[in-house]
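A short worksheet on the structure shown next.
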Amino acid sequence: MPSIRIALAVGALAVVALGACASQANPPQMSRPLPPEELTCNADAAKAAALGKTASADVVERARTDAGARNARVLKPGQMVTMEYQEGRLNIDVDENNVITHLRCG
């Protein structure tokens, strides 16, 4: 008989221990996520002031602000680049002489 009582006691302790691991019935309230900030990039708005110019820091910054982009990157011929699309980024393609040949968003 003592072995049955021990087995029942161990079983009861196991149930209590597993009950302590159960998730809460009502998870805590999370604050609502902030809406994504509006990212707009209009490469056409920057083309008039940038195409054909040397991609100096000033020209790149002006193209970025004219396009309304959050950031800009200058892409040289043959340069390896990441392919992720970023809506608020201005891509500035240049030739071998660092002259801007194309502007696009992404």
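Using this note's numbering, read the sequence shown as starting at 141 and increasing by one per residue. Don't be surprised by glycine CBs; every beta carbon is placed ideally from N, CA and C.
Among A207, Q226, N231 and E224, which residue has its Cα nearest to the Cα of P217? In the sequence shown, residue 217 corresponds to position 77, counting from 1. Nearest of A207, Q226, N231 and E224 to P217, Cα basis: N231.
Exposed unless 16 or more other CB atoms sit within 10 angstroms - verdict on I144: Numbered from its first residue, the sequence shown carries residue 144 at position 4. I144 should be labelled exposed.
Within 10 Å of its beta-carbon, does V200 have 16 or more other beta-carbons around it, so buried, or fewer, so exposed? In the sequence shown, residue 200 corresponds to position 60, counting from 1. Classification for V200: buried.
Whole runs of the beta strand (DSSP E) within the stretch 184 to 244, excluding any shorter than 3 residues: 211 to 215 and 229 to 234
Near R213, which residues of its chain fall below 8 Å by C-beta distance, leaving aside the five closest residues on each side in sequence? The residue labelled residue 213 in the question sits at position 73 within the sequence shown. Once the five neighbours on either side are set aside, the close Cβ partners of R213 are V221, R229, L230, N231 and I232.
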